[in-house]
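Working notes, structure below.
There are 4 protein chains.
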Amino acid sequence: MKEVELTYRVPYADTDQMGVVYYANYLVFFERSRNELMRSLGLTYKEMEEKGIGLPVLEAHVEYHSPARYDDSLTIRASVDGFEGIKLRVKCEVKRGETLLVEGYTLHVCLDYKQLRPVRPPEWFSDLLK
Amino acid sequence: MKEVELTYRVPYADTDQMGVVYYANYLVFFERSRNELMRSLGLTYKEMEEKGIGLPVLEAHVEYHSPARYDDSLTIRASVDGFEGIKLRVKCEVKRGETLLVEGYTLHVCLDYKQLRPVRPPEWFSDLLK
Amino acid sequence: MKEVELTYRVPYADTDQMGVVYYANYLVFFERSRNELMRSLGLTYKEMEEKGIGLPVLEAHVEYHSPARYDDSLTIRASVDGFEGIKLRVKCEVKRGETLLVEGYTLHVCLDYKQLRPVRPPEWFSDLLK
Amino acid sequence: MKEVELTYRVPYADTDQMGVVYYANYLVFFERSRNELMRSLGLTYKEMEEKGIGLPVLEAHVEYHSPARYDDSLTIRASVDGFEGIKLRVKCEVKRGETLLVEGYTLHVCLDYKQLRPVRPPEWFSDLLK
């Protein structure tokens with residue numbers, strides 16, 4: 001399955017008063033890795049939207065094992081975890097070195113922007129995921 | 001079960017270029033409602049931390065049914081959804097009027113800040129939840 | 001001059017590892033107060049945008065006197081500080097009780113969304129500010 | 001004068017419903033570049049804090065010339081713009097290619113964390129800035 005990795009340096013902005021990354025920010029990390037996943041597939045999410053297709057989030061799930069901290073250099077990994085009919089599932093992991101800090105997934109629906117309704121993805125998109 | 005509701009006005013800051021609230025921000029909404037839930041129990045989360053007890057998040061789950069938009073006046077509801085041993089589960093819902101937009105939960109562990117390890121909550125806390 | 005005040009409770013999300021509100025978040029507080037300023041003028045910013053007029057930010061300035069903290073109940077005040085030609089200046093203050101924590105301003109230009117260029121505000125808007 | 005540059009890819013999270021980067025987020029970009037500026041000086045901000053010295057922000061100023069957008073690859077540049085007595089001024093610029101989008105500065109005070117008061121920076125820090 002398609003998989004991509006990116007490196008991310010944690011700014012002060014991402015931390016909270018416990019001295020760790022605030023829990024909602026991992027969903028932004030997930031998004032950053034999904035963007036790179038699409039880019040690695042040969043079509044950026046931006047280009048996809050310009051073709052009239054979007055992938056809004058239906059569901060997000062995060063499990064927090066160990067906290068990330070300020071100035072950590074994190075590895076964020078995204079992989080296609082399933083694609084059936086009109087739904088795409090992306091798995092994400094956040095690591096510091098070999099330590100798994102956070103994992104989870106997002107579930108997306110393929111949306112036609114013009115008709116504003118869920119659609120089977122066009123062939124060019126299904127082909128990218130193969 | 002204990003339950004609380006708060007009203008929240010969506011700023012531009014919470015939106016993204018699709019013209020809707022960005023998906024990670026609902027976890028901040030959830031936090032806002034948990035804060036008010038604690039306050040309604042008679043002890044703020046701040047006071048709880050001053051007593052050396054915290055409730056870090058182990059797991060977060062969000063289901064997105066319909067988008068919130070800029071300047072919406074949202075109702076965010078939190079309720080205690082389970083409390084067994086050392087884990088607390090809080091259910092959250094985000095509504096605009098009668099329309100359910102987003103729902104989900106967070107799972108927390110009761111943590112002793114001095115020993116930095118999970119503990120059974122002190123009696124005063126269990127009593128609050130009853 | 002037109003002036004408005006709102007109350008805001010600081011969530012964990014707004015703090016950083018110094019245990020204070022992260023410096024960028026005050027610009028979100030400023031936005032929240034500008035929204036209420038517009039509402040108090042009789043036309044929300046949302047309605048203004050629907051009429052094809054926006055007020056993008058040209059300049060922002062913030063002075064940090066004393067930090068806001070988690071669970072603080074803040075008072076955020078916005079007032080029209082000047083309106084000449086096509087530019088609007090809004091002054092903002094953030095207080096905890098009587099203590100001034102942060103002050104600053106934002107400078108906006110009146111923008112016609114259709115022509116995508118700065119314009120003299122329509123009479124109905126200038127009238128609101130009088 | 002010491003200067004550093006970093007590259008940053010804009011996620012959806014940073015945008016707002018106007019389809020551009022929300023104005024407060026540039027202060028986070030500024031922070032990212034300051035972190036790299038410190039690292040390039042031979043001491044990370046994290047290490048500095050561990051030595052008991054911090055550089056809280058006294059003042060922030062931003063001028064918005066042209067908007068950054070989703071998926072833009074931005075260049076963020078920070079440089080030491082002045083250092084007198086106990087105050088440090090850092091200048092920041094955000095560019096897309098050769099186009100200057102946003103510029104501004106932050107003013108910091110050198111703070112002793114133990115005494116919680118402004119101090120002349122220790123010699124090792126002044127030496128770094130030379």
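Protein chains in written order, with this note's numbering: chain A, 1 to 130; chain B, 1 to 130; chain C, 1 to 130; chain D, 1 to 130.
Cβ coordinates follow ideal geometry from the N, Cα and C atoms, glycine included.
Just so it is clear, the structure is predicted and the values come from calculations on it, not from any experiment.
Report task. Check the C-beta distance from D16(C) over to D16(A) and give it rounded, since I have them as a contact under 8 Å. Result -> 7 Å
Query raised in the report: Is the CB-CB distance between V109(D) and L58(D) below 8 Å?
Result: yes
Requested in this report: Figure out for me which residue from I53(D), L74(D), S66(D) has the closest Cα to the Cα of E123(D).
Outcome: I53(D)
Query raised in the report: If we ignore side chains and look at the alpha-carbon of each, how far apart do P11(C) and N35(B) end up?
Result: 8 Å
Report task. Please confirm whether G82(A) and C92(A) have their CB atoms less than 8 Å apart. Result -> no
Report task. Could you work out which residues of chain B lie near T44(D), taking near to mean beta carbons separated by less than 7 Å? Result -> Simply none; closest approach about 25 Å.
Report task. Starting from R9(A), follow the beta strand (DSSP E) in both directions and report where the run begins and ends. Result -> 3 to 9
Query raised in the report: Going straight from the alpha carbon of R9(B) to that of Y26(C), what length do you get?
Result: 16 Å
Query raised in the report: Between the Cα of A24(A) and the Cα atoms of R39(B), D14(B), M18(B), which residue gives the shortest distance?
Result: D14(B)
Query raised in the report: Would you say L37(D) and A78(D) are within 8 Å of each other, going by their C-beta atoms?
Result: yes
Query raised in the report: Looking at the C-beta of D16(B), does it have a partner C-beta in chain D at a distance below 8 Å?
Result: yes
Report task. Compare the C-beta of A68(B) with all C-beta atoms of chain D and state if any pair is closer than 8 Å. Result -> Not flagged as an interface residue toward chain D: A68(B), since no C-beta distance is shorter than 8 Å.
**Report entry** Interface flag, L55(B) vs chain F, CB-CB below 8 Å
**Finding:** The question asks about chain F, but that chain is absent: this structure's protein chains are A, B, C and D.
Report task. Quick one: grab the DSSP three-state call for S66(B). Result -> coil
Query raised in the report: Starting from K95(D) and walking both ways along the alpha helix (DSSP H), at which residues does that stretch end?
Result: Here K95(D) belongs to no alpha helix (DSSP H); instead the beta strand (DSSP E) covers 87 to 96.
Query raised in the report: Taking the alpha-carbon positions, what's the L55(A) to R89(A) distance?
Result: 10 Å
Requested in this report: Using only alpha-carbon positions, find the residue among D72(B), L43(B), R39(B), E50(B) that is nearest to Y45(C).
Outcome: D72(B)
Query raised in the report: When you compare only the Cα positions, how much space is there between F30(D) and I76(D)?
Result: 7 Å
Query - Endpoints, beta strand (DSSP E) assigned at L27(C) - result: No beta strand (DSSP E) contains L27(C), which is instead part of the alpha helix (DSSP H) from 25 to 41.
Requested in this report: Let me know if S126(C) comes out buried or exposed under the rule of 16 or more other beta-carbons within 10 Å of its beta-carbon.
Outcome: exposed
Query raised in the report: Do we get a CB-CB distance below 8 Å when we pair V28(D) with the residues of chain C?
Result: yes
Query raised in the report: How big is the Cα-Cα spacing for L74(C) and E5(C)?
Result: 10 Å
Report task. Could you tell me if the beta carbon of Y12(B) falls within a distance shorter than 7 Å of some heavy atom in the ligand NAD? Result -> The model on display carries no ligand, and the ligand NAD is accordingly not part of it.
Query raised in the report: Where V28(B) and Y22(B) are concerned, what is the direct C-alpha to C-alpha distance, given to the nearest angstrom?
Result: 11 Å
Requested in this report: Say whether chain D places a C-beta atom closer than 8 Å to the C-beta of Y12(A).
Outcome: Closer than 8 Å: yes.
Requested in this report: Measuring only between beta-carbons, confirm whether V62(C) sits less than 8 Å from chain D.
Outcome: yes
Query raised in the report: Using the C-alpha atoms, what's the distance from H65(A) back to K87(B)?
Result: Each residue's CA atom was taken as its position, placing K87(B) and H65(A) some 15 Å apart.
Query raised in the report: What is the residue span of the alpha helix (DSSP H) that D127(A) lies within?
Result: 123 to 129
Requested in this report: Below 8 Å CB to CB, which residues in the same chain sit around G85(A) once its five sequence neighbours on both sides are set aside?
Outcome: R120
Query raised in the report: V102(C) to K130(D), Cα distance in whole Å?
Result: 32 Å
Query raised in the report: To the nearest whole angstrom, what separates the beta carbons of V62(C) and K2(C), a pair I think is in contact under 8 Å?
Result: Rounded, the Cβ-Cβ distance is 21 Å, inconsistent with contact.
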